[in-house]
């Protein structure tokens with residue numbers, strides 16, 4: 280692979296960068312190395328289908344460093360600032376020529392040093408010279424084209440989380456670049472389209488998904504990452520069964536056998552001991568018996584916001600025993616499909632170091648322990664559109680590395696076929 284670099288002449292900083300990327304490439308597995316080669320061998324469009332925890336960000340960071348060594352320009356883009364910053368954070372130590380565009384208030388504090396406001400004095404000549412000196416430009420797909428110098432064309436555009444981006448929004452990447460590398464997983468969250476008419480005409484399908492559907496699975500321009508470094512075996516087996524047709528595999532036995540290191544209080548209620556047992560990597564807590572005893576169902580407010588006091592109390596009780604058992608708050612994530620439930624759990628727990636958010640906000644993230652509050656519990660067994668979306672379910676389940684705890688009404692959920700598989 281290093282033959283890509285030919286016989287370049289290095290200065291001291293380039294030589295150090297070369298030595299580091301050499302080390303990074305050796306650490307990549309065969310699938311990742313093949314994906315990097317595919318990117319550089321493509322003349323127009325290549326796709327990297329990276330499943331959860333398979334190292335998509337690692338592949339992108341190696342490609343960016345190689346482009347700098349090859350004196351190629353890169354437009355690094357995605358639909359969120361967070362996705363872009365996750366890549367830039369991996370590149371911080373290399374002192375690369377990066378220019379960051381966008382609202383500085385929305386980007387990670389450690390990447391603000393790249394922002395144009397910290398490099399531009401305000402005159403046109405300086406603006407032009409900054410672009411000429413920076414071979415890597417990072418901005419979301421929604422950045423106004425007028426922020427780029429007229430006629431600017433990049434050698435390569437890397438689009439991360441391409442499966443979540445509406446097709447029209449991605450087109451400027453083609454206008455700005457000679458070659459496009461789409462990276463993502465179309466089996467995770469699709470583009471968010473609020474207008475039913477827009478969805479009817481296919482705007483809820485990403486370009487990545489459409490190209491995958493129209494192309495051959497054996498195409499040499501569709502790379503695949505199957506080896507995952509995130510989930511233990513029980514969690515991996517669940518998403519494999521539901522979504523990935525058993526193609527995901529753990530990178531090592533240590534990853535497959537990793538379980539949440541929590542001390543279990545012998546005086547804790549038996550249900551707590553069962554849930555937290557290392558033998559149970561994935562646990563479903565049914566609220567049916569408790570909700571019947573307490574006559575508690577989901578609460579639906581006037582604006583269709585939904586929450587469950589019962590599930591919030593269960594989450595709170597779990598958190599008490601998990602944290603007292605030696606697991607740090609930062610290692611725990613709580614997910615709910617509903618904003619009202621997120622807000623309610625936040626008010627009940629009160630620990631701001633525990634991340635609590637919706638499924639959509641957690642894509643691309645991971646925690647040792649994930650607790651999911653599904654909320655829906657009603658006599659009509661209606662679970663709504665959010666819990667029918669298998670891609671959203673996939674994202675929620677695949678955020679956990681060592682323990683996945685799912686809380687919900689078994690009776691309500693099992694009215695939908697996909698939940699019978701869980």
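Residue numbers (the working numbering): 280 to 701.
We put the beta carbon where it would ideally sit given N, CA and C, even for glycine.
All figures in this text were calculated on a predicted structure; none of them were measured in a lab.
What does DSSP give as the partner residue(s) for residue 445 in the beta ladder? Translated into positions along the chain shown, residue 445 becomes position 166. According to DSSP, which records beta bridges pairwise, residue 445 is partnered with 485.
Coarse secondary structure for residue 340, derived from DSSP in three states: For this step, residue 340 is matched to residue 61 along the chain shown. The DSSP-derived three-state label of residue 340 is helix.
Using the C-alpha atoms, what's the distance from residue 367 back to residue 377? Residue mapping note: residue 377 aligns to position 98 of the chain shown, counting from 1. Residue mapping note: residue 367 aligns to position 88 of the chain shown, counting from 1. If you draw a straight line from the Cα of residue 377 to the Cα of residue 367, it is about 9 Å long.
Where residue 374 falls, given that 16 or more other Cβ within 10 Å makes a residue buried: Residue mapping note: residue 374 aligns to position 95 of the chain shown, counting from 1. The residue is exposed, with fewer than 16 neighbouring Cβ atoms inside 10 Å.
Measure the C-alpha to C-alpha separation of residue 336 and residue 364 and round it to an integer number of angstroms. Taking the chain shown and counting its residues from 1, the one referred to as residue 336 is at position 57. Taking the chain shown and counting its residues from 1, the one referred to as residue 364 is at position 85. Looking at the two C-alpha atoms, the distance is approximately 11 Å.
Nearest-angstrom Cα distance between residue 474 and residue 640? Counted from its first residue, the chain shown places residue 474 at position 195. Counted from its first residue, the chain shown places residue 640 at position 361. Their backbone Cα atoms lie some 21 Å apart in a straight line.
Rounded distance between the beta-carbons of residue 569 and residue 589, thought under 8 Å: Within the chain shown, numbered from 1, the residue matching residue 589 stands at position 310. Within the chain shown, numbered from 1, the residue matching residue 569 stands at position 290. Contact flag correct, Cβ pair sits at about 6 Å.
Whole beta strand (DSSP E) elements within the segment 305-393, 3-residue minimum: Correct list: 324-329, 353-356, 377-379.
Given 8 Å as the limit, is there contact between the segment 303-312 and the segment 333-347, that is, 3 or more CB pairs closer than that? Yes: the two stretches touch, three or more of their Cβ pairs being nearer than 8 Å.
Look up residue 480 in the DSSP assignment and say whether it is helix, strand or coil. To locate residue 480, count along the chain shown from 1; it is residue 201. In this structure, DSSP gives residue 480 a state outside helix and strand, which the three-state scheme calls coil.
Please work out which residues of its chain come closer than 6 Å, Cβ to Cβ, to residue 567, disregarding the five sequence neighbours upstream and downstream, and give them in chain order. Working through the chain shown from its first residue, we reach residue 567 at position 288. Take residue 567, set aside five residues on each side of it, and the residues of its chain with a beta-carbon closer than 6 Å to its own are 688, 689, 690, in chain order.
Closest residue to residue 652 among 664, 685, 638 (Cα-Cα distance): Position 373 of the chain shown, counted from the first residue, corresponds to residue 652. Looking at the Cα atoms, 685 is the closest of the given residues.
Determine contact between the segment 648-666 and the segment 520-533, defined as no fewer than three beta-carbon pairs at a distance below 8 Å. The count of Cβ pairs closer than 8 Å, one atom from the segment 648-666 and one from the segment 520-533, stays below three, leaving the stretches out of contact.
Taking the alpha helix (DSSP H) that residue 595 falls in, what are its first and last residues? The residue labelled residue 595 in the question sits at position 316 within the chain shown. Secondary structure note for residue 595: its alpha helix (DSSP H) is the uninterrupted segment 588-603.
Terminal residues of the beta strand (DSSP E) in which residue 653 lies: Start at 1 with the first residue of the chain shown, and residue 653 comes out as number 374. Under the DSSP assignment, residue 653 falls outside any beta strand (DSSP E); it carries neither an H nor an E label.
For residue 615, count the other beta carbons within 10 Å of its own beta carbon; 16 or more makes it buried, fewer makes it exposed. Which is it? Here residue 615 is taken as the residue at index 336 of the chain shown, counted from 1. Residue 615 should be labelled buried.
DSSP three-state assignment for residue 641, whether helix, strand or coil: Counting from 1 along the chain shown, the entry for residue 641 is found at position 362. DSSP places residue 641 in helix when its eight states are reduced to three.
Below 8 Å, can you find three or more Cβ-Cβ pairs linking the segment 657-666 to the segment 627-634? Three or more Cβ pairs closer than 8 Å define a contact, and the segment 657-666 falls short of that threshold against the segment 627-634.
For residue 341, count neighbouring Cβ atoms within 10 angstroms of its own Cβ and tell me buried if that reaches 16, exposed if not. Here residue 341 corresponds to residue number 62 of the chain shown, with the count starting at 1. Around the beta-carbon of residue 341, 16 or more other beta-carbon atoms lie within 10 Å, marking it buried.
By DSSP, does residue 526 sit in helix, in strand, or in coil? By one-based count along the chain shown, residue 526 stands at place 247. In this structure, residue 526 counts as coil in the three-state DSSP scheme.
Contact belief for residue 407 with residue 670 at Cβ below 8 Å, rounded distance in angstroms: Looking up residue 407 in the chain shown gives position 128. Looking up residue 670 in the chain shown gives position 391. Taking the Cβ atoms as the reference, residue 407 lies roughly 43 Å from residue 670, outside the contact range of under 8 Å.
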